[in-house]
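*Asks:* Residue numbers (the working numbering): 3 to 119.
Every residue, glycine too, gets a C-beta built ideally from N, C-alpha and C.
1) Taking the continuous alpha helix (DSSP H) assigned at residue 93, which residues delimit it?
2) Indicate the three-state DSSP secondary structure (helix, strand or coil) for residue 65 in the structure shown.
3) Is it buried or exposed, residue 25, if we count other Cβ atoms within 10 angstroms and call 16 or more buried?
4) Go through its chain and collect everything with a Cβ distance to residue 50's Cβ below 7 Å, but skip five positions before and after it.
5) Tell me whether residue 47 sits in a helix, a strand or coil according to DSSP, three-state version.
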């Protein structure tokens with residue numbers, strides 16, 4: 003996979019700049035398609051179901067978000083994704099409503115470690 007940094011233009015004045023990376027995804031064949039993850043069942047809130055789904059993904063790699071180091075790495079990754087979305091907005095790749103929706107999803111994901119503790 004190759005990544006090429008995209009320029010975000012001039013500094014907006016707040017001292018923060020965002021970098022957007024354009025990735026080319028490898029083609030998927032039927033052999034490499036992932037199976038859909040089963041939804042957790044029970045009387046869970048949507049946020050708890052999301053946390054359980056994320057935890058399942060980590061458990062599949064013998065990790066858990068209840069581990070402080072793993073949770074910290076997860077949150078760092080989400081903050082980098084937020085910067086990517088901010089850069090996409092600054093470059094006009096996404097509009098404000100899409101940015102708000104995507105940031106809301108990241109915020110929901112960021113709550114997962116606290117819901118699992």
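*Replies:* In short:
1) Against the chain shown, residue 93 aligns to sequence position 91. No alpha helix (DSSP H) contains residue 93, which DSSP labels as neither H nor E.
2) Start at 1 with the first residue of the chain shown, and residue 65 comes out as number 63. Three-state result, residue 65: coil.
3) Taking the first residue of the chain shown as 1, we reach residue 25 at position 23. For residue 25, the predicted model reports a pLDDT of 49, less than 50, meaning its position is unreliable and no value from the coordinates is stated.
4) Residue 50 sits at position 48 when you count from the first residue of the chain shown. For residue 50, where only same-chain residues beyond five positions count, the Cβ hits under 7 Å are 117.
5) One-based indexing of the chain shown puts residue 47 at position 45. Correct three-state label for residue 47: coil.
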